[in-house]
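Under the UniProt record's numbering, the residue at position 300 of the sequence shown is numbered 300, and the numbers go up by one with no gaps. Where is the CB? At the ideal position from N, CA and C, for every residue including glycine. In what follows, a single structure is set out as structure tokens and then discussed.
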Amino acid sequence: MIKKVKTTSRDPVTTYARNVISGKIIAGPHVRAACQRHLDDLEKAPQRGFFFDLEKVKRAIGFFEDVLRLNGGQYEGKPYVLLDWQKFIVGSLFGWVDNAGLRRFRVAYVETGKGSGKSPLAAGIGLYGLVADGEARAECYAAATKKDQAMILFRDAVAMVDQSPDLSKRIIKSGTGERVWNLAYHKTGSFFRPISSDDGQSGPRPHIGLADEIHEHKDNFVVEMLRAGTKSRLQALIFMITNSGSDRTGPGWQYHEFATRIAARQLENDSFFSYVCALDEGDDPLNDEQCWDTQFNMSWNA
């Protein structure tokens with residue numbers, strides 16, 4: 001039985017949630033709802049068989065900061081020190097577990113503005129799943145509708161491997177330069193590679209599936225392809241990232257609506273994690289600088 005871990009000031013997930021709810025950190029309505037959900041679950045989720053394991057939180061966040069390195073421009077080679085909102089996401093995904101110690105959240109939807117660092121965050125989660133999540137023969141995928149889009153996220157992962165002294169000597173790359181197509185961790189027989197709906201590939205069994213730019217997806221094929229393959233995994237994670245779009249008929253809007261309702265507890269789904277940045281109704285980002293602080297706010301336009 002996993003015992004409930006008491007939260008302390010060293011718990012960045014709960015600290016962030018409390019700071020958002022108190023107004024110390026400015027955030028939009030759906031992020032506030034996600035934070036309140038976390039705080040409520042600290043008290044109520046154990047009754048449903050879920051617990052918050054602070055050691056798992058520290059291990060996952062520590063992987064980013066101690067093992068991963070950023071790439072590009074002024075960040076080249078610097079340790080990947082997560083921002084507070086990123087710690088909330090990573091810590092929530094890997095800290096919440098069930099009675100058996102397995103991951104509670106199996107699907108995550110993260111919607112923030114362009115340029116907020118979603119792709120490197122997803123790449124880091126994929127690398128954690130590859131080498132540090134205890135999964136034998138883990139299959140980790142960077143997925144999108146088009147191979148070029150999937151490669152954007154995958155190249156972030158490749159660059160992180162190149163920059164990391166720890167990973168570069170343990171992970172074997174297939175291909176060279178911009179044509180690297182596979183990262184292999186032979187110790188556990190695991191791999192990380194890009195995949196897209198135009199690949200024609202069938203039968204992936206992802207331990208970690210990273211679905212990029214959900215707002216651009218015309219149908220749900222990519223996400224369902226990933227989810228269908230998780231049945232043989234005990235704690236697979238499908239991690240969807242996107243900024244907002246304009247098409248309210250596609251799967252992006254459907255996931256947006258579902259995620260916001262989960263955060264607000266209008267729907268109950270203990271395995272779904274939601275982090276959606278948005279403005280409050282009536283906010284004016286052109287004239288109110290406080291609106292700029294809500295993690296790259298955005299809105300879906302009809």
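Whole angstroms are fine: how far does the CA of residue j sit from the CA of residue i?
i, j, result
"residue 319", "Gly175", "Any question about residue 319 goes unanswered here, given that the chain covers just 1 to 302."
"Ala144", "Val90", "21 Å"
"Phe296", "Ala259", "Caution is warranted here: a pLDDT of 48 is assigned to Phe296, below 50, making its placement in the model unreliable, and the coordinate value is therefore given only provisionally. Cα to Cα, Phe296 sits roughly 18 Å from Ala259."
"Ala27", "Arg261", "17 Å"
"Asp219", "Pro251", "6 Å"
"Arg18", "Pro12", "10 Å"
"Phe51", "Trp96", "6 Å"
"Ala302", "Arg248", "Residue confidence for Ala302 is low, a pLDDT of 33 falling below 50, so the modelled location carries little weight; the figure read from the coordinates is stated next. Taking the straight line from one Cα to the other gives about 7 Å."
"Gly77", "Gln47", "44 Å"
"Tyr16", "Ile25", "8 Å"
"Trp253", "Tyr141", "23 Å"
"Asp40", "Val223", "29 Å"
"Arg10", "Gln149", "37 Å"
"Ala138", "Ala211", "17 Å"
"Val81", "Leu121", "11 Å"
"Lys4", "Asp198", "With a pLDDT of only 47 at Lys4, under 50, the local geometry of the prediction cannot be trusted, and the value read off the model is given with reservation. If I take the Cα positions, the gap works out to 44 Å."
"Asp270", "Gly49", "10 Å"
"Leu167", "Pro29", "38 Å"
Are the CB atoms of residue i and residue j nearer to each other than 8 Å?
i, j, result
"Val57", "Phe88", "no"
"Phe192", "Ala228", "no"
"Ala236", "Pro206", "yes"
"Ser164", "Arg104", "no"
"Ala34", "Ala263", "yes"
"Ala60", "Phe273", "no"
"Leu234", "Leu102", "yes"
"Thr242", "Glu111", "yes"
For my contact list, residue i and residue j are in at a C-beta cut-off of 8 Å; report their separation, rounded to the angstrom.
i, j, result
"Gly124", "Met160", "7 Å"
"Ser196", "Lys118", "Not a contact, Cβ separation roughly 18 Å."
"Val31", "Cys277", "6 Å"
Can you tell me which of the options puts its alpha carbon nearest to the alpha carbon of residue i?
i, options, result
"His215", "Ser271, Gly77 and Glu257", "Glu257"
"Phe64", "Phe221, Leu54, Gly72 and Pro79", "Pro79"
"Glu178", "Pro165, Ile172 and Phe154", "Phe154"
"Thr14", "Leu127, Glu224 and Arg37", "Arg37"
"Arg106", "Val276, Gln254 and Ile238", "Ile238"
"Met240", "Tyr75, Met225, Glu213 and Trp253", "Glu213"
"Val67", "Gln86, Val110 and Ala132", "Ala132"
"Gly62", "Tyr75, Leu83 and Asn71", "Leu83"
What do you get for residue i, buried or exposed, if any count of 16 or more other CB atoms within 10 angstroms of its CB means buried?
i, result
"His186", "exposed"
"Ile208", "buried"
"Asn99", "exposed"
"Trp181", "exposed"
"Ser22", "exposed"
"Gly73", "exposed"
"Ile172", "exposed"
"Glu43", "exposed"
"Leu127", "buried"
"Glu268", "exposed"
"Met1", "In this predicted model, Met1 has a pLDDT of only 38, less than 50, meaning its place in the structure is not dependable enough to derive any value."
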